[in-house]
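One structure below.
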Amino acid sequence: MSLSENIKDFGLDLGYSKIGITTADGFPDYIVELNSRRDMYAWYIESAFQPLTGADPKSVMPSAKSIIVVVYDAFKESFPEKLVGKIGRLYQSRCYLTPRHRINGARRQLMREFLEKSGCQVAQRLVVPERLSAARAGIVTYGKNTFAFAEGIGSFILVTAFIVDAELEYDEPTMEVKCPPKCTACFDACPTGALYESLKMDPRRCIAFNTFMTQDDYLVGVTSYIPPDIREKMGIWIHGCDICQEVCPRNQKRLKAKLPQNEFLTKVAQDFELAKLLNLSDEFYIERVQPLMYNYIRDKKYFQRNAAIALGNMGDPTFIPDLAQAMQDPEGLVRAYAAWALGKIGGSQVRQILEANLARETDEFAKREIQDVLAAT
Ligand code: SF4
Ligand code: SF4
4 MSLSENIKDF GLDLGYSKIG ITTADGFPDY IVELNSRRDM YAWYIESAFQ
54 PLTGADPKSV MPSAKSIIVV VYDAFKESFP EKLVGKIGRL YQSRCYLTPR
104 HRINGARRQL MREFLEKSGC QVAQRLVVPE RLSAARAGIV TYGKNTFAFA
154 EGIGSFILVT AFIVDAELEY DEPTMEVKCP PKCTACFDAC PTGALYESLK
204 MDPRRCIAFN TFMTQDDYLV GVTSYIPPDI REKMGIWIHG CDICQEVCPR
254 NQKRLKAKLP QNEFLTKVAQ DFELAKLLNL SDEFYIERVQ PLMYNYIRDK
304 KYFQRNAAIA LGNMGDPTFI PDLAQAMQDP EGLVRAYAAW ALGKIGGSQV
354 RQILEANLAR ETDEFAKREI QDVLAAT
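Numbered according to our numbering, the sequence shown spans residues 4 to 380.
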C-alpha cells in the first residue's frame, strides 16, 4: 500500500469521514482576496493565525510538498433542543480548536504522530486556508454562504489540514460552488446582512463573530462593544450562529435525520439556563460553560454580556429580577448590557431599577447605556 493510502486508511480509522491530499502550492487568489478586504479582515490578517503566511506554505517551510486535509463530521449525533439556537452545533460537538487532552484534540494529535512516524515532517503552527485546501484536495465543495460542504454530510464539519514534506498522490480538486443556482435561502435568512454576495461575508456583521471575537485587547481593531443594531439581531445566540446553515437545502437531510443522543450534551443541557449564564457562578462556568465554549472566551464577563443580550431579545419580564441582579455585577460591561436588555423589556419597574442604578453607576459605558435606555422610554 502507498503512503498516501496508508494515511487515508489511518485517518478513516481515527474517525475522520473524508481525507484528501493536495499539493503545498500557495493560494495566491486567497491572498489577493484577503488583502482586498482588509477593512473586514484586519483582525484576522494581523492575528496569531497569520493567514497570509499560511496561504503561501513554502515561504515558511520550503520543504513543504503536500497538504493532507481531513473532514470531521460534527453532526453524527443529535443536539439537545435546549442548546440548539443558542450554541452553534460545531461548538457543541467540541471538535473546534480542541486542546490535546480532549478526545477531538487527541485525534488530531494521533494523526500528526502517525504522519511523523511515517517519516513526514509536519508543519507546526502553520494555518493554511482550510476550506480551500479541502476543495483542492477534492473532499468538499463550496456553498454560497462561504461554508464547505462534504458530500453526504453537509456543512456541519470541521476541516483540518496537515502540511508535510512528503510527495504524495494528489486528489482531483472539487473547487466549485454546488448550490442550486437559484437558491438564496442563506442570504434571505441571515439576520444581519453579513452575507452580502456569493462566497462573501462581512465577519464584523456576523452574529457568530460578535458572540466570541468581540473582546477587549483580543484582536486588532476589535473591542467588546457590539453595536445596538447587531445586538437586536443576535436573537438568543450566545456562542456561534447556525442560521445560514440551518436553512440550507444541502443540510436538510442531516438536520431531519433521527440521530442518537450524545449523553454528555444531554447532561449539560439539563440545567443550562440563560439566567445562570447572566449571573455566572464560578461553578457553573467551570462545569457547564467551559466544556462547551472553551475556544475563544477566557473571561466570564463576555458570556454574561451575551446572555444579557439574549434575555433582552427574549423581551420576557420574567427575567427582570435576573437582569436587576446583573446590574449589581462587579463588571461594568455586564451592567451596561443588562441595562440594554432591561430597556428591551421596558415598563415602569425597569425604569425604577435603571434610575436607582444610574445614581450609583461609576462605569462610563454602563452609565451611557442606562441613560440611552432612560432617554428612549
Ligand atoms: S452565521 Fe449567522 S450572522 Fe453569520 S452569516 Fe450565517 S446567518 Fe449570518
Ligand atoms: S442556502 Fe442555498 S445558496 Fe446558501 S449555501 Fe445553501 S444551497 Fe447554497
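Beta carbons are placed, not taken as given, at the ideal position from N, Cα and C, and that holds for glycine.
Since this is a predicted model, take the numbers as computed values, not measurements.
Looking only at C-alpha atoms, which of Ile142, Cys182, Asn298 and Lys68 sits nearest to Pro102?
-> Residue numbering aside, residue 102 sits at position 99 when the sequence shown is read from its first letter. Selection Ile142, Cys182, Asn298 and Lys68 evaluated against Pro102 yields Asn298 as nearest (Cα-Cα).
Give the C-beta separation of Ala311 and Ala341 to the nearest angstrom, bearing in mind that I take them to be a contact with Cβ-Cβ under 8 Å.
-> Indexing the sequence shown from 1 puts residue 311 at position 308. Indexing the sequence shown from 1 puts residue 341 at position 338. Going by Cβ atoms, the distance from Ala311 to Ala341 rounds to 5 Å, so yes, they are a contact pair.
Close-in-space but distant-in-sequence residues of the same chain around Tyr173 (CB under 7 Å, 5 per side omitted) | As a first step, residue 173 must be located in the sequence shown, where it is residue number 170. Close CB contacts of Tyr173 within its chain, under the 7 Å cut and outside five residues either way in sequence, are with Ile24, Thr25 and Thr26 (chain order).
Can you tell me the Cα-Cα spacing of Gly315 and Leu100, whole angstroms?
-> Position 312 of the sequence shown, counted from the first residue, corresponds to residue 315. Position 97 of the sequence shown, counted from the first residue, corresponds to residue 100. Between Gly315 and Leu100, the C-alpha separation is close to 30 Å.
What's the gap between the Cα of Phe152 and the Cα of Val162?
-> The sequence position of residue 152 within the sequence shown is 149, counting from 1. The sequence position of residue 162 within the sequence shown is 159, counting from 1. If I take the Cα positions, the gap works out to 10 Å.
With distances taken Cα to Cα, identify the nearest neighbour of Phe150 among Pro184, Ser201 and Ser227.
-> Stepping through the sequence shown from its first residue, residue 150 is reached at position 147. Phe150 has its Cα closest to that of Ser201, out of Pro184, Ser201 and Ser227.
Determine, using beta carbons only, whether His242 and Phe306 come nearer to each other than 9 Å.
-> The residue given as residue 242 occupies position 239 in the sequence shown. The residue given as residue 306 occupies position 303 in the sequence shown. Result yes, Cβ atoms of His242 and Phe306 sit closer than 9 Å.
Asp332 vs Val87 beta-carbon contact at 9 Å | In the sequence shown, counting from the first residue as 1, residue 332 sits at position 329. In the sequence shown, counting from the first residue as 1, residue 87 sits at position 84. It is not a contact, given that the beta carbons lie outside the stated cut-off.
Taking DSSP as the reference, what is the three-state secondary structure of Val63?
-> By 1-based counting over the sequence shown, the position of residue 63 is 60. Helix, per DSSP.
Which residues mark the beginning and the end of the alpha helix (DSSP H) in which Val408 is found?
-> The structure shown does not extend to residue 408, since the chain spans only 4 to 380, so no value can be given for it.
Does at least one heavy atom of ligand 2 sit under 8 Å from the Cβ of Thr177?
-> As a position in the sequence shown, residue 177 is number 174, starting the count at 1. For ligand 2, not one heavy atom lies less than 8 Å from the Cβ of Thr177.
Option nearest Gln328 by Cα separation, candidates Pro320, Arg338 and Asp319 | Position 325 of the sequence shown holds residue 328. Checking every option, the nearest Cα to that of Gln328 belongs to Arg338.
Three or more C-beta pairs closer than 8 Å, one from the segment 4 to 23 and one from the segment 34 to 53: is that the case here?
-> The answer is no - the segment 34 to 53 does not touch the segment 4 to 23, with fewer than three Cβ pairs under 8 Å.
From the DSSP output, read off the bridge partner residues of Asp76.
-> Here residue 76 refers to the residue found at position 73 when the sequence shown is read from its first residue. Under DSSP, the beta-bridge partners assigned to Asp76 are Ile160.
Around the C-beta of Ile300, are 16 or more other C-beta atoms found within 10 angstroms, so that it is buried, or is it exposed?
-> For the purposes of this step, residue 300 is taken as the residue at position 297 of the sequence shown. Per the 10 Å Cβ criterion, buried.
What is the rounded straight-line gap between the Cα of Thr226 and the Cα of Gly57?
-> Taking the sequence shown and counting its residues from 1, one reaches residue 226 at position 223. Taking the sequence shown and counting its residues from 1, one reaches residue 57 at position 54. Computed Cα separation, rounded: 25 Å.
Report whether the distance from the Cβ of Ala197 to the nearest heavy atom of ligand 1 is below 8 Å.
-> Against the sequence shown, residue 197 aligns to sequence position 194. With a threshold of 8 Å, the Cβ atom of Ala197 counts as near ligand 1, since some heavy atom of the ligand is closer than that.
Counting only the same chain and skipping the five closest in sequence on each side, list residues whose C-beta sits under 6 Å from that of Pro194.
-> Start at 1 with the first residue of the sequence shown, and residue 194 comes out as number 191. Excluding positions up to five away in sequence, the list reads Lys236.
Cα-Cα separation, Arg257 to Ser66 | Taking the sequence shown and counting its residues from 1, one reaches residue 257 at position 254. Taking the sequence shown and counting its residues from 1, one reaches residue 66 at position 63. Distance between the alpha carbons of Arg257 and Ser66: 40 Å.
Using the Cα positions of Arg253 and Gly157, report the straight-line distance between them to the nearest angstrom.
-> The residue you call residue 253 lines up with position 250 of the sequence shown. The residue you call residue 157 lines up with position 154 of the sequence shown. Arg253 and Gly157 have their alpha carbons spaced roughly 6 Å apart.
Helix, strand or coil at Val223 according to DSSP, with G and I counted as helix | Numbered from its first residue, the sequence shown carries residue 223 at position 220. Here Val223 carries a coil assignment [DSSP, helix/strand/coil].
For Glu175, which of Asp191, Pro184, Thr144 and Val167 has the nearest alpha-carbon?
-> As a working mapping, residue 175 is identified with position 172 in the sequence shown. Selected option, being the one with the closest Cα: Thr144.
In three-state terms, what does DSSP make of Lys11?
-> Position 8 of the sequence shown holds residue 11. Three-state DSSP puts Lys11 in a helix.
Does the separation of the CB atoms of Phe82 and Arg92 fall below 9 Å?
-> Your numbering for residue 82 matches position 79 in the sequence shown. Your numbering for residue 92 matches position 89 in the sequence shown. It is a contact, given that the beta carbons lie within the stated cut-off.
Got a sec, what are the start and stop residues for the alpha helix (DSSP H) Ile106 sits in?
-> By one-based count along the sequence shown, residue 106 stands at place 103. DSSP places Ile106 in the uninterrupted alpha helix (DSSP H) bounded by Ile106 to Lys120.
Pro263 burial status per 10 Å Cβ neighbour count (16 or more: buried) = Here residue 263 refers to the residue found at position 260 when the sequence shown is read from its first residue. Pro263 is exposed by the Cβ-count criterion.
Exposed or buried, what is Asp76 when buried is set at 16 or more other beta-carbons lying within 10 Å of its beta-carbon?
-> For the purposes of this step, residue 76 is taken as the residue at position 73 of the sequence shown. Burial is judged here by how many other beta carbons sit within 10 angstroms of a residue's own beta carbon; Asp76 has at least 16 and is buried.
Name the DSSP bridge partner or partners of Ile70?
-> Residue numbering aside, residue 70 sits at position 67 when the sequence shown is read from its first letter. According to DSSP, Ile70 bridges with Thr25 and Ile166.
May I ask which residues mark the beginning and end of the alpha helix (DSSP H) holding Glu235?
-> Translated into positions along the sequence shown, residue 235 becomes position 232. No alpha helix (DSSP H) contains Glu235, which DSSP labels as neither H nor E.
Alpha-carbon spacing of Ala275 relative to Pro31, whole angstroms = The residue you call residue 275 lines up with position 272 of the sequence shown. The residue you call residue 31 lines up with position 28 of the sequence shown. Checking the sequence, you will find Phe at residue 275 rather than Ala. Going by the C-alpha atoms only, they are around 45 Å apart.
Whole runs of the beta strand (DSSP E) within the segment 280 to 349, excluding any shorter than 3 residues = Whole beta strand (DSSP E) segments, 3+ residues: zero.
Sort Phe190, Arg105 and Asn9 by Cα distance to Lys120 and report the nearest one.
-> Counted from its first residue, the sequence shown places residue 120 at position 117. Out of Phe190, Arg105 and Asn9, Asn9 has the C-alpha closest to the C-alpha of Lys120.
Considering only C-alpha positions, which residue in the set Pro294, Gly349, Ser62 and Gln124 is nearest to Asn107?
-> For the purposes of this step, residue 107 is taken as residue 104 along the sequence shown, with counting starting at 1. When only C-alpha atoms are compared, the closest one is Pro294.
Buried or exposed: which applies to Ala214, given that a residue is buried once 16 or more other Cβ atoms fall within 10 Å of its Cβ?
-> Taking the sequence shown and counting its residues from 1, the one referred to as residue 214 is at position 211. Here residue 214 turns out to be Thr, not Ala, going by the sequence shown. Classified as buried, Thr214 has 16 or more neighbouring CB atoms from the shown chains inside 10 Å of its CB.
Should Asn148 be counted as a contact of ligand 1 given a C-beta to heavy atom distance under 8 Å?
-> What you label residue 148 is simply residue 145 of the sequence shown in a count that begins at 1. Taking 8 Å as the cut-off, the C-beta of Asn148 counts as close to a heavy atom of ligand 1.
Could you give the DSSP three-state label for Lys185: helix, strand or coil?
-> If you number the sequence shown from 1, residue 185 lands on position 182. Looking at Lys185 - three-state DSSP - the assignment turns out to be coil, as it is neither helix nor strand.
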